[in-house]
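What follows is a short report on a single structure.
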Amino acid sequence: MSRFIFISFIILLASCGETEKPKAKQQYTTQEVKDLSVQMNMWDEKRQNDEINQYLKQHNWEMETTTSGLRYMLIKPGKGPLAQTGQIAKVAYKIFLLDGSLCYSAPRDSAKEFLIGKDYIESGIHEGIQLMHVGDQMRFVLPSHLAHGLTGDQTKIPPLSSVVYEIELLGLTENK
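If you're matching positions, the sequence shown starts at 4 in the numbering used here and goes up one per residue.
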């Protein structure tokens, strides 16, 4: 009999208590997702722009800015021809994070080559190299969307990081 009373009591408690229905997950329309993505990108672009401006102010650098957001300044002028899409550029460089950490370097004796406008390198470098003459030394600041973007480079450059290039255009050859 006590077992019957206990089970009845449990049933009574269960039926008296209000049970909450699980809340439905928020469903977003395709347009809402696009709008949220645009807002997040605009916020991050502003954040990076503010960081870059602060970095430039700390170093007392006055740089030109392209419409894409690439910042650049001439350190030492060269006398050679202007780089163009389709040529192979030979460059020496150093890449830094805004905190000053050196990520990569390719000195003159280990210079790297790439096909301008075609090879898989940062889009900001393709843009910036076309501002250079052979022999020029320039400094570029690339916001993340012109560098390694949302993922970083998976080793030394974190996601959504702006980078600083010190780059020298050592030579150009025609792509055959």
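Heads up, the beta-carbon is just placed ideally off N, CA and C, and yes, glycines get one too.
query, result
"Determine the direct distance from the alpha carbon of L175 to that of K102, and round the result to whole angstroms.", "The question names Lys, yet the displayed sequence has Asp at residue 102. The alpha-carbon atoms of D102 and L175 are separated by roughly 32 Å."
"Mapping the DSSP letters down to three states, classify F9 as helix, strand or coil.", "Note on F9: pLDDT 46, under 50, position unreliable in the model; the coordinate value appears next. Looking at F9 - three-state DSSP - the assignment turns out to be helix."
"Does the beta-carbon distance from H136 to L73 come in below 8 Å?", "no"
"Where does F7 land, buried or exposed, given buried means 16+ other C-beta within 10 angstroms?", "The predicted position of F7 is uncertain, since its pLDDT is 47 and thus under 50; a value taken from the coordinates is nonetheless stated next. Classification for F7: exposed."
"Should L145 go down as buried or exposed, given a rule of 16 or more other Cβ atoms within 10 Å for buried?", "buried"
"Can you give me the C-alpha to C-alpha distance between Q87 and S71, rounded to a whole angstrom?", "18 Å"
"Following the continuous alpha helix (DSSP H) through E54, name the residue where it begins and the one where it ends.", "33-62"
"Do P162 and L153 count as a contact pair if the criterion is CB distance below 8 Å?", "yes"
"When you compare the CB positions of S133 and K79, do they come within less than 8 Å of one another, or not?", "Before going further, note that residue 133 is Gln rather than Ser in the sequence given. No, the pair does not count as a contact, with Cβ atoms beyond the cut-off."
"Output yes or no for whether 8 Å exceeds the beta carbon distance between Q51 and S165.", "yes"
"Suppose you measure from the CA of P110 to the CA of Y96; what does that come to, to the nearest Å?", "6 Å"
"Use the C-beta contact count for G89: other C-beta atoms within 10 angstroms, 16 or more gives buried, fewer gives exposed.", "exposed"
"Secondary structure at G152, three-state DSSP: helix, strand or coil?", "coil"
"Output needed for E54: all residues of its chain with C-beta closer than 7 Å, excluding positions within five of it in sequence on either side, in chain order.", "L101, S165"
"Go to E130, then tell me how far its alpha helix (DSSP H) extends in each direction, as first and last residue.", "126-132"
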